[in-house]
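So in the working numbering, spot 299 of the sequence shown is number 798, and the numbers just go up one at a time.
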Amino acid sequence: MTPSRILLVDDEPAFQRLGAAWLRDAGHEVEVAGDAAAAEAAFRRQPADLVLLDLSMPPYHDPVAGLELISRFAPAPVVVTTGHADHAMALKAVERGAWDFLGKPLDPDLLRVVVDRGLERGRLLAELRRLRAATGGTDDLGLVGASVALARLRDLVRRIAPTQLPVLVLGPSGTGKELVARALHDSGPRRDQPFVTVHCGAIPAELLESELFGHLKGSFTGAHADRPGLVETAHRGTLFLDEVGEMPPAMQVKLLRFLQEGTYQPVGGREQRKADVRTVAATHRDLEAMVQEGTFREDLYYRLKGMVLRTPPLSERPEDVPVLATLFLRRVSGRGARFTPDALDWLGGRDWRGNVRELRALVECAAALAGPATADELLLDAADLGFAAGEEAEAPAMDAAAPASRRTLDQEVVALERRLITQALEEVGHNHTHAARLLGLSRVGLLKKMDRMGLR
Ligand SMILES: Nc1ncnc2c1ncn2[C@@H]1O[C@H](COP(=O)(O)OP(=O)(O)OP(=O)(O)O)[C@@H](O)[C@H]1O
Ligand SMILES: [Mg+2]
500 MTPSRILLVD DEPAFQRLGA AWLRDAGHEV EVAGDAAAAE AAFRRQPADL
550 VLLDLSMPPY HDPVAGLELI SRFAPAPVVV TTGHADHAMA LKAVERGAWD
600 FLGKPLDPDL LRVVVDRGLE RGRLLAELRR LRAATGGTDD LGLVGASVAL
650 ARLRDLVRRI APTQLPVLVL GPSGTGKELV ARALHDSGPR RDQPFVTVHC
700 GAIPAELLES ELFGHLKGSF TGAHADRPGL VETAHRGTLF LDEVGEMPPA
750 MQVKLLRFLQ EGTYQPVGGR EQRKADVRTV AATHRDLEAM VQEGTFREDL
800 YYRLKGMVLR TPPLSERPED VPVLATLFLR RVSGRGARFT PDALDWLGGR
850 DWRGNVRELR ALVECAAALA GPATADELLL DAADLGFAAG EEAEAPAMDA
900 AAPASRRTLD QEVVALERRL ITQALEEVGH NHTHAARLLG LSRVGLLKKM
950 DRMGLR
């Protein structure tokens with residue numbers, strides 16, 4: 500085995516000699532640096548496998564300032580040496596990412612043990628990185644799926660995230676557009692800054708401007724105080740324009756101006772303010788057709804689509820159905836929960852018009868109805884899924900012969916409610932007001948129930 504390289508960083512000549520001798524005795528190669536700059540230069544020239552770092556050295560002397568050095572040697576493990584058994588400082592160092600600490604004067608045996616453990620950890624981490632790279636990265640960015648289409652999508656997200664290009668995410672409802680927007684943010688350089696969503700379709704046109712750009716006190720009735728807009732909140736981060744196709748034309752102009760110049764005026768204000776945001780926009784509408792029809796501004800369209808990402812419907816990637824269904828089941832029912840083969844067939848045979856959102860809601864409903872099973876044992880079959888989906892024939896509780904004993908009255912009621920709501924919605928072409936009337940509910944009451952059942 501090649502000897503490990505250790506970088507010993509300390510400004511005391513006596514310790515440099517002694518520590519280096521001990522480490523060489525243990526079979527390591529040692530390089531010595533007497534201050535922070537020399538240490539960084541040495542590490543850049545040839546990264547060490549482990550760094551032994553004294554915190555109070557030039558130019559810092561103050562060990563608190565020395566703490567910031569710890570992160571500069573990544574990914575090598577750093578063992579910090581502190582004077583006078585300074586425990587508080589040692590703990591701070593570990594909080595800042597040091598692998599371990601040793602009090603001075605050093606004990607050679609302890610030094611050897613700590614260094615060996617640190618090197619071992621470094622080797623394991625390197626091996627993990629190597630395996631990850633070899634398997635194409637196990638980091639799925641939260642975008643789960645076994646299909647080629649999803650692998651391609653993840654690959655594009657990884658490549659686009661580091662850029663500052665605006666991204667337009669297109670795809671049918673429930674296919675993961677918002678998830679893609681988050682993944683772009685979380686794997687890009689703005690990940691530690693805010694991710695702010697603007698629901699362009701849900702906010703009334705009159706309010707959208709003040710929501711986006713903020714307003715000054717007194718600028719309209721009810722504006723009792725200055726209020727920052729979402730654009731300001733998103734400064735340095737990502738602004739996610741969800742359902743951008745619903746944005747009213749008057750707002751489209753204002754948004755375009757902001758995207759072109761990086762400046763905006765709060766409602767009721769005169770001075771220009773600045774904000775630096777990366778935009779990700781999403782819509783399930785056909786924006787290109789809207790541009791043709793003249794309902795979406797062409798110049799804004801081109802501004803938003805620096806890059807276009809598409810989230811395909813589930814029907815184009817059937818391999819993802821079992822993978823996603825199992826993911827959602829295990830999230831709610833624990834790691835041991837499973838589907839029977841006929842349940843997987845049932846899932847595969849269905850036409851998921853509501854895409855991943857519908858799949859998720861149905862699986863979660865089936866898991867809830869199947870009862871508070873001890874997590875590791877839950878096994879869902881096709882009948883459980885059919886029951887949750889409100890299929891008449893699959894409602895065993897209505898049939899004395901069916902083994903439905905594990906369902907409680909509450910669960911039966913929930914399933915029945917779900918079935919009646921689904922039917923009513925279908926009858927009236929998904930008009931909430933009409934469906935509510937049919938069911939003898941208020942519109943809000945119906946919407947609340949639908950939210951609870953994941954039917955929205
Ligand atoms: N590839 C995926 N892996 C894991 N979960 C997913 C995936 N795709 C979608 N989901 C889940 O499905 C649901 C719907 O996704 P999301 O809200 O991102 O869709 P959307 O395209 O924005 O839908 P809409 O157009 O209706 O707003 C969410 O609960 C999301 O977490
Ligand atoms: Mg969405």
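All C-beta atoms, glycine included, are put in the ideal place defined by N, C-alpha and C.
Can you tell me whether DSSP reads R951 as helix, strand or coil?
-> Working through the sequence shown from its first residue, we reach residue 951 at position 452. Helix at R951.
How about R859: is its Cβ closer than 7 Å to a heavy atom in ligand 1?
-> Residue numbering aside, residue 859 sits at position 360 when the sequence shown is read from its first letter. Yes, the Cβ of R859 comes within 7 Å of a heavy atom of ligand 1.
If you follow the beta strand (DSSP E) that V779 is part of, which residue opens it and which one closes it?
-> Counting from 1 along the sequence shown, the entry for residue 779 is found at position 280. Segment 777 to 782, the beta strand (DSSP E) holding V779.
Inspect the CB distances between the segment 697 to 716 and the segment 654 to 668 and report whether three or more fall short of 8 Å.
-> In this structure the segment 697 to 716 does not lie against the segment 654 to 668, because fewer than three pairs of beta carbons, one per stretch, are closer than 8 Å.
Give the single residue among E528, R516, L590, M588 whose Cα lies nearest to the Cα of P502.
-> Position 3 of the sequence shown, counted from the start, is the residue given in the question as residue 502. P502 has its Cα closest to that of E528, out of E528, R516, L590, M588.
Would you decide whether R653 is buried or exposed? Buried here means 16 or more other CB atoms lie within 10 Å of its CB.
-> By 1-based counting over the sequence shown, the position of residue 653 is 154. R653 counts as buried, since no fewer than 16 other beta carbons sit within 10 angstroms of its beta carbon.
The beta strand (DSSP E) enclosing I505, as first and last residue numbers | By 1-based counting over the sequence shown, the position of residue 505 is 6. Element bounds for I505: 504 to 508.
Cβ neighbour criterion (16 or more within 10 Å) applied to S832 = Within the sequence shown, numbered from 1, the residue matching residue 832 stands at position 333. When all chains shown are included, S832 counts as buried.
Helix, strand or coil at V643 according to DSSP, with G and I counted as helix = Start at 1 with the first residue of the sequence shown, and residue 643 comes out as number 144. Three-state DSSP puts V643 in coil, outside helix and strand.
Among residues of its own chain, excluding the 5 on either side of A836, which ones have a beta-carbon nearer than 6 Å to its beta-carbon?
-> If you number the sequence shown from 1, residue 836 lands on position 337. Cβ neighbours of A836 beyond the five flanking positions: L828, R829, L877.
Rounded straight-line distance, which links the Cα of T921 to that of L937 = Your numbering for residue 937 matches position 438 in the sequence shown. Your numbering for residue 921 matches position 422 in the sequence shown. So the two alpha carbons sit approximately 12 Å from each other.
Got a sec? Which residues, its chain only, sit under 7 Å from R735 by beta carbon, not counting five neighbours each side?
-> Residue 735 sits at position 236 when you count from the first residue of the sequence shown. Within its own chain, the residues whose Cβ lies closer than 7 Å to the Cβ of R735, once the five positions on either side in sequence are excluded, are R689, Q692, D775, listed in chain order.
Cβ of D741 within 7 Å of any heavy atom in ligand 2?
-> Numbered from its first residue, the sequence shown carries residue 741 at position 242. For D741, the CB falls within less than 7 Å of some heavy atom of ligand 2.
By the 10 Å Cβ neighbour count, where 16 or more other Cβ atoms means buried, how is R651 classified, buried or exposed?
-> In the sequence shown, residue 651 corresponds to position 152, counting from 1. With fewer than 16 other Cβ atoms within 10 Å, it is exposed.
Closest Cα partner of P821 within the set V912, D841, R802, M806 | Stepping through the sequence shown from its first residue, residue 821 is reached at position 322. Measuring from the Cα of P821, the nearest candidate turns out to be D841.
Any non-hydrogen atom of ligand 1 closer than 7 Å to S672 Cβ | Within the sequence shown, numbered from 1, the residue matching residue 672 stands at position 173. Checking the 7 Å criterion, the Cβ of S672 is within range of a heavy atom belonging to ligand 1.
How many angstroms separate the CA atom of V752 from the CA atom of R942?
-> Along the sequence shown, read from residue 1 onward, the residue named residue 752 stands at position 253. Along the sequence shown, read from residue 1 onward, the residue named residue 942 stands at position 443. Rounded to whole angstroms, the gap between the alpha carbons of V752 and R942 is 34 Å.
Minimum length 4: unbroken alpha helix (DSSP H) runs contained in the segment 568 to 617 = List check, alpha helix (DSSP H) in window: 586 to 594.
Going straight from the alpha carbon of A592 to that of V577, what length do you get?
-> Here residue 592 corresponds to residue number 93 of the sequence shown, with the count starting at 1. Here residue 577 corresponds to residue number 78 of the sequence shown, with the count starting at 1. Approximately 9 Å, taken between the alpha carbons.
Going by DSSP, what residues sit across from H734 in a beta bridge?
-> Position 235 of the sequence shown holds residue 734. According to DSSP, which records beta bridges pairwise, H734 is partnered with nothing at all.
Note down, in chain order, each residue of its chain lying with its Cβ closer than 8 Å to the Cβ of G853, except the 5 sequence neighbours on either side.
-> The count along the sequence shown starts at 1 and reaches residue 853 at position 354. Same-chain partners within the cutoff: S672, G673, A860.
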